[in-house]
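Chemist: One structure follows; several queries about it will come next.
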Amino acid sequence: MTYPWLTAPASEVATTTAGLLGWEITAGGVRIRLTELEAYSGLGEDPASHAHRGPTGRNEVMFGPPGHLYAYFIYGAHWCLNVVLGEPGRAAAALLRAGQVIDGLDTARARRPAARNDADLARGPAKLVTALGLSGTANGTSAVDGTGPALLTPPSRPPAAADIASGPRVGVASAHDVPWRFWLRDDPTVSPYRRHTPRTRR
DNA sequence: GATGCGATTCACT
DNA sequence: GTGAATCGCATCG
C-alpha cells in the first residue's frame with residue numbers, strides 16, 4: 001500500500017501533517033477519524049521535537065522509514081503515538097492528538113471508563129492511544145502495510161480546506177510561534193488548547 | 001550514578 | 001483551577 005504522503009520530503013512535514021486530517025486509524029477493533037494532529041521535525045529545526053538533539057534509543061524510529069509508528073511514554077503514565085513522515089535519515093512525524101471514534105464504540109467506551117461522553121473517548125493524545133488499545137508495543141511497526149497492530153486508511157470524505165484550522169502546538173515548552181497544530185474547525189472531539197504549564201513543587 | 005522534568009490525564013476542591 | 005501519579009531519557013558530576 002502506498003500513499004502520496006509517504007514520499008513527501010521531511011521539509012514539508014507541516015503540509016503533510018495537515019493532509020492527514022480526516023484519515024482513519026484502526027486498531028484493536030476500534031476505528032478513529034483523525035481530527036487533530038501536530039507536526040514535529042528534528043535536528044536543530046524544531047526545539048520542541050524529541051528528535052531535536054539527534055537519534056537516541058527512544059526516538060530512533062522517527063529517523064526511520066515513513067508510515068511507521070513512533071510511540072513514546074510520557075509522565076510515567078501515558079503513551080502517545082506519532083506517524084513517521086519524510087525520507088529515512090531525517091526526523092519528522094505527526095502526533096495523533098485527537099479523533100472521533102466511528103467504529104467499535106462499545107470497545108472504546110470499555111477502554112476509557114473515565115470518558116464522560118463519546119466526544120471525550122479520544123480527545124487527547126494518550127486518550128486516543130488508550131481507546132485504540134495500543135501501547136509501546138506498537139513502536140516501530142508499520143501503519144500502512146497491515147503488518148502492525150494499527151492501520152491508517154484514507155478518508156471516506158476528505159475534509160474541506162476551509163474546515164482546517166492551525167495554531168501553536170499544545171503543551172510544548174518552546175517554539176510557541178510555530179503554527180504546527182492542525183485540527184478540524186468546530187469538531188467536538190478536538191482537545192482544548194493548553195499552554196505548556198511548568199511544574200511546581202516536589 | 002544521581003537528578004530533574006516532560007508532546008498528559010484524572011480526581012478533587 | 002490545582003495537584004498527584006510515575007517511567008525513561010537527557011544532562012551533569
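Position 70 (the first sequence) corresponds to 70 in full-length UniProt numbering; numbering is contiguous.
Using N, Cα and C, we set each Cβ at its ideal position, and we do this for glycine too.
Note that this is a predicted model, so its numbers are computed, not measured.
Spatial neighbours of ASP187 within its chain, please: C-beta separation below 6 Å, excluding the five flanking residues on both sides.
Modeler: Working through the first sequence from its first residue, we reach residue 187 at position 187. Leaving aside the five residues that flank ASP187 on each side, the residues in its chain whose CB is nearer than 6 Å to its CB run, in chain order, THR35.
Chemist: Could you give the DSSP three-state label for ARG33: helix, strand or coil?
Modeler: Here residue 33 is taken as the residue at index 33 of the first sequence, counted from 1. In the structure shown, ARG33 sits in a strand (DSSP, three-state: E or B).
Chemist: Compute the distance between the beta-carbons of ALA77 and GLY99, then report whether it is under 8 Å.
Modeler: Counting from one through the first sequence, the residue named residue 77 turns up at place 77. Counting from one through the first sequence, the residue named residue 99 turns up at place 99. No, these two residues do not count as a Cβ contact at 8 Å.
Chemist: Between the alpha carbons of ALA93 and HIS68, how many angstroms are there, rounded?
Modeler: Here the question's residue 93 lines up with position 93 in the first sequence. Here the question's residue 68 lines up with position 68 in the first sequence. Their backbone Cα atoms lie some 9 Å apart in a straight line.
Chemist: Assuming ILE32 contacts VAL84 under a Cβ cut-off of 8 Å, what Cβ separation, rounded to an integer in Å, is found between them?
Modeler: For the purposes of this step, residue 32 is identified with residue 32 of the first sequence, where counting begins at 1. For the purposes of this step, residue 84 is identified with residue 84 of the first sequence, where counting begins at 1. About 18 Å; that fails the 8 Å criterion.
Chemist: Between the stretch 143-153 and the stretch 56-70, are three or more C-beta pairs nearer than 8 Å?
Modeler: yes
Chemist: Output the distance between the C-alpha atoms of THR200 and MET1, rounded to the nearest integer angstrom.
Modeler: Here the question's residue 200 lines up with position 200 in the first sequence. Here the question's residue 1 lines up with position 1 in the first sequence. With a pLDDT of only 49 at THR200, under 50, the local geometry of the prediction cannot be trusted, and no value is derived from it.
Chemist: Helix, strand or coil for ASP103 per DSSP?
Modeler: In the first sequence, residue 103 corresponds to position 103, counting from 1. If DSSP states are grouped into helix, strand and coil, ASP103 belongs with the strands.
Chemist: Output needed for SER166: all residues of its chain with C-beta closer than 6 Å, excluding positions within five of it in sequence on either side, in chain order.
Modeler: Taking the first sequence and counting its residues from 1, one reaches residue 166 at position 166. Closer than 6 Å at the Cβ level, and outside the excluded window around SER166, lie PRO179, PHE182.
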